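Okay, so here's the structure we're looking at.
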Amino acid sequence: MLSVHSQISLCKAHSISKQPLSSGQSSLRVINSNKRKLVQSTAFDSHQCSTHSFSVSAKMDVENSPPPSDRCAIITGVARSTGIGRILVHHFLKNGYKVVGADVKELELKVTEGRFEEDPIVKHSADRFYFVRADISDPLQAKRIVDEAIEKFGGAIHVLINNAGITNPMLAEENRIKAFADTIAVNLNGAYYMSQCVLPYMPAGQSSIIHMASTRALQSEPNTEGYAASKAGLCGLSHAQAITLAGRVRVNAVLPGWINTDPSGDAALRPEDHEWHPAGRVGVPNDVAHLCFFLCDSERAGFITGQEFVIDGGATKKMVYPE
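Heads up, the sequence shown is in our numbering, so the first residue is -5 and it goes up one at a time.
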């Protein structure tokens, strides 16, 4: 098995490197002291990513952003029939996107694909969605998702939503170290691998990355170290990438709270479960899908990057005292 260092080097072609400053250069140069206009030094004007280059000081090209019908999204973690990922795929398809969905669970992925082919709302879009079985904790498989998306839909990817993750937050007493490592490998490392592999194909100023974190990044229950650490890591990854990719790709984190992903379990929800939320109800996957779709709109959300969006009906803001 490859070491983590070896795995990362496999995606080196998609990594970002900075050229060092030459003597006498400054990272910021002051021009026109009366107006105090700051511009970046040319030492940081260009990053190389594989055979693609981009300017980190490029303006957000909002006016030339293509319509949804000409935009492509990659969404990971889509196999669960009632999960957030599947609803994300459905929402983006319904609004005109071409969508590539990825998941490690082959059987569930085929079932989900079949349901899309029969769905009366999106079945007419059968030529606009494509599913890939892959494990994003392996950088080579992450790259394969991107390669197949490009082969299927052309040379640009406008949206990446890193939704895949090990969702059971509890670490069992046995084999805790392996469980922790596995959770980090998928939830955090996989999101980074996907981001690095997709960057060469993201048009400047028209693209967005969303990392699906969780309110577990902010508060915890016992034995949730792996899940909480991975989700907090996604928040850090989001603001770091937002700065690294400033002017080219907007990057944000979405932190869902209690989202009911099992419609058949609605009857099991108690009135107090809904009432406990200041919004008056437990969340549903469509709540998350609407927020993500808005954040990927370069015209409406073009001034939003590096942020964390908690979507929990106000629950984390509610002071709770012991009874």
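We put the CB at the ideal spot given by N, CA and C, even for glycine.
Just so it is clear, the structure is predicted and the values come from calculations on it, not from any experiment.
Threonine 299 (DSSP reduced to helix, strand or coil): For this step, residue 299 is matched to residue 305 along the sequence shown. The answer is coil: DSSP assigns threonine 299 none of H, G, I, E or B.
On the criterion of 16 or more Cβ atoms from any shown chain inside 10 Å, does lysine 117 qualify as buried, or is it exposed? Numbered from its first residue, the sequence shown carries residue 117 at position 123. It counts as exposed.
Quickly, what does DSSP pair proline 194 with across the bridge? List them, please. In the sequence shown, the residue the question calls residue 194 occupies position 200. DSSP output for proline 194 lists no bridge partner at all.
Specify the secondary structure class of proline 250 as computed by DSSP and reduced to three states. Stepping through the sequence shown from its first residue, residue 250 is reached at position 256. Strand at proline 250.
Can you tell me whether DSSP reads asparagine 156 as helix, strand or coil? Counted from its first residue, the sequence shown places residue 156 at position 162. Asparagine 156: strand per DSSP, three-state reduction.
Quick one: what does DSSP say glycine 227 is sitting in, helix, strand or coil? Here the question's residue 227 lines up with position 233 in the sequence shown. DSSP places glycine 227 in helix when its eight states are reduced to three.
Whole-number beta carbon distance between threonine 70 and asparagine 162, since they are thought to touch under 8 Å: Residue 162 sits at position 168 when you count from the first residue of the sequence shown. Residue 70 sits at position 76 when you count from the first residue of the sequence shown. Rounded, the Cβ-Cβ distance is 17 Å, inconsistent with contact.
For valine 126, which residues of its own chain have a beta-carbon under 6 Å away from its beta-carbon, when the five flanking residues on both sides are left out? The sequence position of residue 126 within the sequence shown is 132, counting from 1. Only Ala96, Ile139 and Glu142 meet the Cβ criterion.
Let's test the definition: count the other Cβ atoms within 10 Å of the Cβ of phenylalanine 110 and tell me whether it reaches 16, buried, or not, exposed. Within the sequence shown, residue 110 is the residue found at index 116, counting from 1. Buried: at least 16 other Cβ atoms inside 10 Å.
Can you check whether the CB of proline 250 is closer than 8 Å to the CB of aspartate 306? Residue mapping note: residue 306 aligns to position 312 of the sequence shown, counting from 1. Residue mapping note: residue 250 aligns to position 256 of the sequence shown, counting from 1. Result yes, Cβ atoms of aspartate 306 and proline 250 sit closer than 8 Å.
Please determine, among Trp270, Asp64, Ser208 and Asp113, the residue with the shortest C-alpha to C-alpha distance to glycine 90. Along the sequence shown, read from residue 1 onward, the residue named residue 90 stands at position 96. Out of Trp270, Asp64, Ser208 and Asp113, Asp64 has the C-alpha closest to the C-alpha of glycine 90.
Only counting the same chain, and skipping five residues up and downstream in sequence, which positions put a Cβ closer than 7 Å to that of valine 105? For this step, residue 105 is matched to residue 111 along the sequence shown. For valine 105, where only same-chain residues beyond five positions count, the Cβ hits under 7 Å are Ser75.
Runs of beta strand (DSSP E) lying entirely within the segment 84 to 159, each at least 3 residues, in chain order: 92 to 97, 123 to 127 and 153 to 156
Cross-strand partners of isoleucine 204 (DSSP beta bridge): Against the sequence shown, residue 204 aligns to sequence position 210. Looking at the DSSP output, isoleucine 204 sits in a beta bridge with Ile155 and Asn246.
Three-state secondary structure assigned by DSSP to threonine 70: If you number the sequence shown from 1, residue 70 lands on position 76. Three-state DSSP puts threonine 70 in a strand.
Using beta-carbon positions only, say whether alanine 198 and cysteine 229 come within less than 8 Å of one another. In the sequence shown, the residue the question calls residue 198 occupies position 204. In the sequence shown, the residue the question calls residue 229 occupies position 235. Against a cut-off of 8 Å, the Cβ pair of cysteine 229 and alanine 198 comes out as no contact.
Touching by the beta-carbon criterion (3+ pairs, under 8 Å), the segment 258 to 277 and the segment 234 to 245: no
So the alpha helix (DSSP H) histidine 268 belongs to, where does it begin and stop? The sequence position of residue 268 within the sequence shown is 274, counting from 1. Its alpha helix (DSSP H) spans residues 265 to 269.
Under 8 Å by Cβ, that's how I've got valine 93 and arginine 80 pegged, so tell me the actual separation to the nearest angstrom. Indexing the sequence shown from 1 puts residue 93 at position 99. Indexing the sequence shown from 1 puts residue 80 at position 86. Not quite, the Cβ-Cβ distance comes to about 11 Å (not below 8 Å), so this is no contact.
When the Cα atoms are used, what is the spatial distance from serine 189 to isoleucine 203? Taking the first residue of the sequence shown as 1, we reach residue 189 at position 195. Taking the first residue of the sequence shown as 1, we reach residue 203 at position 209. If I take the Cα positions, the gap works out to 8 Å.
Return the CA-CA distance between threonine 209 and glycine 77, expressed in angstroms with no decimal places. As a first step, residue 209 must be located in the sequence shown, where it is residue number 215. As a first step, residue 77 must be located in the sequence shown, where it is residue number 83. Distance between the alpha carbons of threonine 209 and glycine 77: 17 Å.
Consult DSSP for valine 180 and reduce its assignment to one of helix, strand or coil. Working through the sequence shown from its first residue, we reach residue 180 at position 186. Correct three-state label for valine 180: helix.
Are isoleucine 253 and proline 279 closer than 8 Å when you measure CB to CB? As a working mapping, residue 253 is identified with position 259 in the sequence shown. As a working mapping, residue 279 is identified with position 285 in the sequence shown. Yes; because the gap between Cβ atoms is below 8 Å, this pair is in contact.
Closest residue to serine 201 among Asp121, Leu289 and Ala273 (Cα-Cα distance): Locating residue 201 in the sequence shown gives position 207, counting from the first residue. Of Asp121, Leu289 and Ala273, the residue nearest in Cα terms is Leu289.
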